[in-house]
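Here this note's numbering = 1-based position in the sequence shown + 594.
Report on the following structure.
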Amino acid sequence: MVGRLNLSTAPAAWQGACPPGVSVLMLADEADNRGADIMSEINDGKQPTPPTGEAPPKSNRQTWSIVILVGLVIVLGAVAVWSARRERVSTEDANRDGRADSWLYYDAAGHPTKFEKDRNFDGKVDWRDIEVWDAAKSKARVVRTEVDSDFNGTFDTVITYNADGQMVKLERDANNDGRADIVSTYDQPNKPPKIMVDRNGTGQFEPATPAPAAAPRPATAAPAPPAKKKP
Ligand SMILES: [Ca+2]
Ligand SMILES: [Ca+2]
Ligand SMILES: [Ca+2]
């Protein structure tokens, strides 16, 4: 395809590049419709338009501005999510020594999730209640209690409660080897528990006869946790 460029109507840049009176022949492949369009636009005195879908190149400054803006949005979003999910805690100092000795944790909705207490004021938590929110009763209930009964820094007793708040299982690590060796199961209210004992630390439990004295009911034997205040 051959076209003749009309310099009198062509864009100024084209006119300046060619001396007056010079004809310019333009060639385009027969299959190149875009080439023909460009020649037509130039002869009409127009600037060739970019092909469809081909956006004009952005400057580096524009590109960096977009990158920085997107990064800023991501950071602000992450901070908002962290702030919404972060745990809150209220503390008490029962012995007034200037150090907290009980901690009540809340989720983002203000529902208690965990209560911890340092009962002997040695700076180490030795009582922990795990709580869940009961929406039907609009209050939290304790589902599990962990106790360091001898205050040696290791939790050795785990108590599990049912939905009514009754103790259903007590697991005790009496020899401090990190594994429960006395398991008391409270299947029926007001009935003695079923007690199983691992006497030699092998993981094999057998019925306790007679019932070992090392299976107390810490929920009643231990000091009652102080009143929990909302933050
Ligand atoms: Ca204190
Ligand atoms: Ca303690
Ligand atoms: Ca202990």
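Don't be surprised by glycine CBs; every beta carbon is placed ideally from N, CA and C.
Next item on the list: Leaving out five residues on either side along the sequence, give the residues of the same chain with a beta carbon under 7 Å from the beta carbon of Thr748.
Entry: Asp742 and Asn770
Next item on the list: Could you tell me whether any non-hydrogen atom of ligand 5 is closer than 8 Å to the CB of Thr748?
Entry: Ligand 5 is absent from the structure shown, which contains only ligand 1, ligand 2 and ligand 3.
Next item on the list: Could you say which of Ile724, Thr751, His705 and Asp720 lies nearest to Lys731 if we only look at CA atoms?
Entry: His705
Notebook entry, point to check: Which of the three DSSP states, helix, strand or coil, is assigned to Val661?
Noted result: helix
Margin query: So for Val618, helix, strand or coil by DSSP?
Written below: In this prediction, Val618 has a pLDDT of 49, which is less than 50 and means its spatial position is unreliable; what the coordinates show is noted afterwards. Val618 falls in the strand class under three-state DSSP.
Margin query: Within a Cβ cutoff of 6 Å, which residues of the same chain sit near Gly717, ignoring the five residues on either side of it in sequence?
Written below: none
Item checked: Beta-carbon proximity list for Val791, same chain, < 7 Å, skipping 5 on both sides -> Asp775, Ile776, Phe799, Glu800, Ala802 and Pro806
Margin query: On the DSSP letters alone, give me the boundaries of the beta strand (DSSP E) that Tyr780 sits inside.
Written below: From DSSP, Tyr780 is part of no beta strand (DSSP E); its letter is neither H nor E.
Checklist line | Backbone secondary structure at Val683 - three-state DSSP | finding: strand
Item checked: Bridge partner(s) assigned by DSSP for Asp572 -> Given that the chain is displayed from residue 595 to residue 825, the structure contains no residue 572 and the question cannot be resolved.
Checklist line | Continuous beta strand (DSSP E) stretch holding Pro799: start and end | finding: Looking at the sequence provided, one finds Phe at residue 799 rather than Pro. Unbroken run through Phe799: none, as it is neither H nor E.
Notebook entry, point to check: By a C-beta neighbour count over all protein chains shown, 10 Å radius and 16 as the cutoff for buried, is Ala703 buried or exposed?
Noted result: exposed
Check: Helix or strand or just coil, what does DSSP make of Arg722?
Finding: strand
Margin query: Suppose you measure from the CA of Ala734 to the CA of Thr657; what does that come to, to the nearest Å?
Written below: 52 Å
Notebook entry, point to check: Is it the case that the CB of Ala688 approaches a heavy atom of ligand 1 more closely than 8 Å?
Noted result: yes
Note to self: What does the Cβ neighbour count give for Ser659, buried or exposed, with the cut at 16 atoms within 10 Å?
What the structure shows: exposed
Next item on the list: Measure from the alpha carbon of Val681 to the alpha carbon of each residue in Asp691, Thr751, Leu698 and Ile668, then state which is nearest.
Entry: The sequence as given places Glu at residue 681; Val does not occur at that position. When each option's Cα is compared against that of Glu681, the closest is Leu698.
Notebook entry, point to check: Using a threshold of 8 Å, is the CB atom of Asp691 nearer than that to any non-hydrogen atom of ligand 1?
Noted result: yes
Notebook entry, point to check: Is it the case that the Cβ atoms of Trp727 and Glu740 are separated by a distance below 9 Å?
Noted result: no
Check: By the 10 Å Cβ neighbour count, where 16 or more other Cβ atoms means buried, how is Leu663 classified, buried or exposed?
Finding: exposed
Notebook entry, point to check: Considering only residues of the same chain and omitting the five flanking positions on each side of Val719, which have a CB-CB separation below 6 Å?
Noted result: Glu710 and Asp712
Next item on the list: Return yes when the C-beta of Asp742 is under 8 Å from any heavy atom of ligand 2, and no when it is not.
Entry: yes
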